[in-house]
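Engineer: Chains D and W, in that order, give the protein sequences.
Just so we're aligned, residue 5 is where the first sequence starts under our numbering, counting upward by one.
Just so we're aligned, residue -3 is where the second sequence starts under our numbering, counting upward by one.
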Amino acid sequence: MHYRVVDENVAWRVADQEAVLLHADSSAYFGLNQTGTLLWAQLAERPLTVDQLTGWARSRFPDVPAGVRDEISAFVDSLAEHDLLESTDIEAATAPSTAAGEETPPWESPTLERFGELEKLILSGE
Amino acid sequence: MDVEQPGAAEPRLIAKELQLEVSSKQRTLHFHGESMRPFLVEGDQVVVEPVEWDRIRLGDVITYRYLDRFPTRRVVRKTDDELLLWCDNWPDRSFKAARGDVLGHAVARRRGDDWLAAGDLAWKLARVRAMLRWQLRHTRRVRLPRTLRRVRRAPAKILRMVGLLPPLREK
């Protein structure tokens, strides 16, 4: 099963190598750790399966644990549970990039943290 | 003066800025205050779109980050890296926004059930009216008093030249 970022509902930005995600309809916002951010960036580029993400992680991180697939699967499930990802029949035309030459951080289990919900944004005239 | 933006990397503040990016007619933003009256009044719903620096025009109403707030004001002057801003209802005050702090420009307003979009005539008229007010206010202060003084003194100067008035005494 492929997963895609629900672009129409999600805005995101990376700061200090960690992504902040906003669900536009619910105004809930989330934080990803560094590994989660790298996986999210792959998903934002193209729909991917858990196996494809696992393969990418193994090529990117030299120190991934044996249970990396389960960790990624749980991460994807939590993203889908919060309506940030959805399953799709569309397959990626290209495989995930291996990001050769980029600095590789140590592997850590990818996490999604829900920070809360924002109130309606106020534009202040004063 | 550079204003430090504490907490700019805080997730909550980032998420608020993302709210601006996803604003739309279905996800409007709330305007607070009287500073932009009559163009924007308390409770108006506003749609703000990200805008490239080169596409910002004089008279645009832009939103920028200032600490943890999002002031929304009218552009009256633009340099390579800074905007001078004015509030339609605060003629005596002006503000500055650095290029990197500009988050977007207002493209639509909802007041009650009525929508007004940036392409509408009323929106354009409000822009022209505000810019004229700003120009008049800032032009008159500098130039009109000097002109008026000269005009007022001209008759006496002519009369002195033809000898009908005594010359001014030196102090």
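Note that the Cβ used here is the ideal one computed from N, Cα and C, for glycine as well.
Owing to the predicted nature of the structure, the values given are computational and were not obtained by experimental measurement.
1) Does W/VAL71 get closer than 7 Å to chain D when you measure Cβ to Cβ?
2) Tell me W/ILE58's beta-bridge partners as DSSP assigns them.
3) State the DSSP-derived secondary structure class of D/ILE94, mapped to helix, strand or coil.
4) Do the stretch 65 to 76 of chain D and the stretch 20 to 35 of chain W meet, that is, are 3 or more Cβ pairs less than 8 Å apart?
5) Please list the partners that W/LEU16 has in chain D, where partner means a Cβ-to-Cβ separation under 7 Å.
6) Mind checking if W/ARG65 is an interface residue toward chain D, Cβ cutoff 7 Å exclusive?
7) List the residues of chain W that D/PHE119 touches, going by C-beta distances under 9 Å, in chain order.
8) Work out the CA separation of W/ARG53 and D/LEU116 for me, nearest whole Å.
9) In terms of residue numbering, what span does the alpha helix (DSSP H) encompassing D/LEU43 cover?
10) Anyone know if the C-beta pair for W/LYS100 and W/THR75 falls short of 7 Å?
11) Assuming W/ASP110 is part of the alpha helix (DSSP H), what are its boundary residues?
12) Assuming D/PHE65 contacts D/TRP111 under a Cβ cut-off of 8 Å, what Cβ separation, rounded to an integer in Å, is found between them?
13) Any beta-carbon of chain W closer than 7 Å to the one on D/ARG8?
14) Could you check how far apart the C-beta atoms of W/ALA104 and W/VAL57 are, in whole angstroms? I think they sit under 8 Å.
15) Helix, strand or coil: how does DSSP classify W/PRO151 here?
16) Leaving aside the five residues before and after W/GLN1 along the sequence, list all residues of the same chain whose C-beta is less than 6 Å from its C-beta, in chain order.
17) Applying the 10 Å Cβ sphere with the 16-neighbour rule, what's the burial state of W/ALA93?
18) Per DSSP, which residues does W/ARG107 bridge with? Please list them.
19) Measuring only the C-alpha atoms, how far is D/LEU89 from D/ARG8?
20) Thinking W/GLU30 and W/VAL37 are a contact (beta carbons under 8 Å), I'd like their distance in whole angstroms, please.
21) Identify the residues that DSSP records as bridge partners of W/ILE10: which are they?
22) Compare the C-beta of W/THR135 with all C-beta atoms of chain D and state if any pair is closer than 7 Å.
23) What are the residues that DSSP puts in a beta bridge with D/ILE76?
24) Just how far apart, CA to CA, sit D/VAL80 and D/VAL54?
25) The beta strand (DSSP E) with D/ALA28 in it runs from where to where?
26) Per DSSP, what kind of secondary structure is D/TRP111 in: helix, strand or coil?
27) Given a limit of 9 Å on CB to CB distance, which residues of the stretch 24 to 36 of chain W reach chain D?
28) Any beta-carbon of chain D closer than 7 Å to the one on W/VAL42?
29) Count the C-beta pairs between the stretch 79 to 90 of chain W and the stretch 143 to 150 of chain W that are closer than 8 Å, then say yes if the count reaches three, no if not.
30) Please report the Cβ distance between W/PHE91 and W/PRO67, rounded to the nearest whole angstrom; I am assuming they are in contact, meaning their Cβ atoms lie under 8 Å.
31) Could you pull the DSSP bridge partners for W/TRP130 from this structure?
Structural biologist: Walking through what the data contain:
1) In the second sequence, residue 71 of chain W corresponds to position 75, counting from 1. Cβ-Cβ to chain D under 7 Å: no for W/VAL71.
2) Walking along the second sequence from the start, residue 58 of chain W turns up at place 62. In DSSP, W/ILE58 forms a bridge with W/ARG69, W/HIS101.
3) If you number the first sequence from 1, residue 94 of chain D lands on position 90. Reduced to three states, the DSSP call for D/ILE94 is coil.
4) no
5) Position 20 of the second sequence, counting from 1, holds the residue named residue 16 of chain W. Those within 7 Å of W/LEU16 in chain D are LEU125.
6) By 1-based counting over the second sequence, the position of residue 65 of chain W is 69. Closer than 7 Å: yes.
7) Counted from its first residue, the first sequence places residue 119 of chain D at position 115. Going along chain W in sequence order, the residues near D/PHE119 (Cβ under 9 Å) are PRO7, ARG8, ALA11.
8) Translated into positions along the first sequence, residue 116 of chain D becomes position 112. Translated into positions along the second sequence, residue 53 of chain W becomes position 57. When rounded, the distance between both Cα atoms is 40 Å.
9) Reading the first sequence from its first residue, position 39 is the one you call residue 43 of chain D. 38 to 49 is the extent of the alpha helix (DSSP H) around D/LEU43.
10) Within the second sequence, numbered from 1, the residue matching residue 100 of chain W stands at position 104. Within the second sequence, numbered from 1, the residue matching residue 75 of chain W stands at position 79. Per the sequence shown, residue 100 of chain W should be read as Gly rather than Lys. It is not a contact, given that the beta carbons lie outside the stated cut-off.
11) Locating residue 110 of chain W in the second sequence gives position 114, counting from the first residue. Segment 110 to 113 is the beta strand (DSSP E) holding W/ASP110; no alpha helix (DSSP H) there.
12) Along the first sequence, read from residue 1 onward, the residue named residue 65 of chain D stands at position 61. Along the first sequence, read from residue 1 onward, the residue named residue 111 of chain D stands at position 107. 4 Å between Cβ atoms; contact.
13) The residue labelled residue 8 of chain D in the question sits at position 4 within the first sequence. Answer no: the Cβ-Cβ gap between D/ARG8 and chain W never drops below 7 Å.
14) Within the second sequence, residue 104 of chain W is the residue found at index 108, counting from 1. Within the second sequence, residue 57 of chain W is the residue found at index 61, counting from 1. With a Cβ gap of about 11 Å, W/ALA104 and W/VAL57 do not count as contacting.
15) Along the second sequence, read from residue 1 onward, the residue named residue 151 of chain W stands at position 155. In this structure, W/PRO151 counts as helix in the three-state DSSP scheme.
16) Stepping through the second sequence from its first residue, residue 1 of chain W is reached at position 5. Reliability fails at W/GLN1, whose pLDDT of 49 lies under 50, so the model's placement of it is uncertain and the value that follows must be treated cautiously. Here the set comprises nothing.
17) For the purposes of this step, residue 93 of chain W is taken as the residue at position 97 of the second sequence. Looking at its Cβ environment, which holds 16 or more other Cβ atoms inside 10 Å, W/ALA93 is buried.
18) In the second sequence, counting from the first residue as 1, residue 107 of chain W sits at position 111. DSSP output for W/ARG107 lists W/ASP110 as bridge partner(s).
19) Counted from its first residue, the first sequence places residue 89 of chain D at position 85. Counted from its first residue, the first sequence places residue 8 of chain D at position 4. Straight-line Cα distance between these residues: approximately 5 Å.
20) Residue mapping note: residue 30 of chain W aligns to position 34 of the second sequence, counting from 1. Residue mapping note: residue 37 of chain W aligns to position 41 of the second sequence, counting from 1. W/GLU30 to W/VAL37, Cβ: 7 Å. Contact.
21) Locating residue 10 of chain W in the second sequence gives position 14, where the first residue counts as 1. For W/ILE10, which the question treats as bridged, DSSP gives no partner whatsoever.
22) Indexing the second sequence from 1 puts residue 135 of chain W at position 139. Not an interface residue.
23) Here residue 76 of chain D refers to the residue found at position 72 when the first sequence is read from its first residue. DSSP output for D/ILE76 lists no bridge partner at all.
24) On the first sequence, position 76 is the one that residue 80 of chain D refers to. On the first sequence, position 50 is the one that residue 54 of chain D refers to. If you take the alpha carbons of D/VAL80 and D/VAL54, they lie about 8 Å apart.
25) By 1-based counting over the first sequence, the position of residue 28 of chain D is 24. From DSSP, D/ALA28 is part of no beta strand (DSSP E); its letter is neither H nor E.
26) Stepping through the first sequence from its first residue, residue 111 of chain D is reached at position 107. If DSSP states are grouped into helix, strand and coil, D/TRP111 belongs with coil.
27) THR24, LEU25, HIS26, PHE27, HIS28, GLY29, GLU30, SER31, MET32, ARG33, LEU36
28) Position 46 of the second sequence, counting from 1, holds the residue named residue 42 of chain W. Chain D contact via Cβ: present.
29) no
30) Taking the first residue of the second sequence as 1, we reach residue 91 of chain W at position 95. Taking the first residue of the second sequence as 1, we reach residue 67 of chain W at position 71. About 7 Å separates the two Cβ atoms, so the contact holds.
31) For the purposes of this step, residue 130 of chain W is identified with residue 134 of the second sequence, where counting begins at 1. Paired residue(s): none; W/TRP130 is not in a bridge.
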